[in-house]
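Worksheet for the structure shown next.
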Amino acid sequence: METMSIRGKVYEIPDTYLEQANLNGVSWQRIYQRLVRNKGWTIKEACFAPEGMKLGEYRQIVRMKEREEREKNAYSNLLEEKTDK
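Using my numbering, read the sequence shown as starting at 65 and increasing by one per residue.
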């Protein structure tokens, strides 16, 4: 776990977040910039959004993935109900 101090507030960044940031080409400086300059980023978003991606774009992708997962689970549950009858 790493720590980052921004305007007197200390942020703890888990190693898994830093690993994902590295995979996405996001530097330590970019994480800092996202948290300082672009208001609204969470630590997870700052690390997980690929380099060059805007916050709105990233959140839209996350919402779409969550929706797909919910639909997939609902379909699986429906199939299970049909086979149980």
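Positions of the beta carbon are idealized from the N, C-alpha and C atoms, including for glycine.
On a Cα-Cα basis, can you pick out the residue from the options that is closest to residue i?
{"i": "Ile70", "options": "Glu83, Gln97, Asp79, Gly89", "result": "Gln97"}
{"i": "Asn86", "options": "Lys118, Ala110, Gln124, Gly72", "result": "Ala110"}
{"i": "Lys153", "options": "Lys136, Val100, Asn141, Glu130", "result": "With the chain covering 65 to 149 only, the question about residue 153 has no answer from this structure."}
Look at the alpha carbon of residue i and the alpha carbon of residue j, and state the distance between them as a whole number of angstroms.
{"i": "Gln93", "j": "Glu76", "result": "15 Å"}
{"i": "Val126", "j": "Trp105", "result": "14 Å"}
{"i": "Glu144", "j": "Gly120", "result": "36 Å"}
{"i": "Met117", "j": "Gln124", "result": "11 Å"}
{"i": "Arg131", "j": "Ser91", "result": "29 Å"}
{"i": "Leu142", "j": "Lys103", "result": "41 Å"}
Below 8 Å on the Cβ atoms is my guess for residue i versus residue j; work out the distance and round it to an integer in Å.
{"i": "Glu66", "j": "Gly89", "result": "Their Cβ separation, rounded to whole angstroms, is 18 Å, which puts Glu66 and Gly89 out of contact at 8 Å."}
{"i": "Tyr81", "j": "Ile107", "result": "7 Å"}
For residue i, which residues of its own chain have a beta-carbon under 7 Å away from its beta-carbon, when the five flanking residues on both sides are left out?
{"i": "Tyr122", "result": "Glu109, Ala113"}
So is the beta-carbon of residue i under 7 Å away from any non-hydrogen atom of the ligand SAM?
{"i": "Glu130", "result": "Ligands are entirely absent from the displayed structure, and the ligand SAM is therefore not among its contents."}
_List, from N- to C-terminal side, the alpha helix (DSSP H) runs of 4 residues or more that fit wholly inside the region 68 to 101._
79 to 87, 92 to 100
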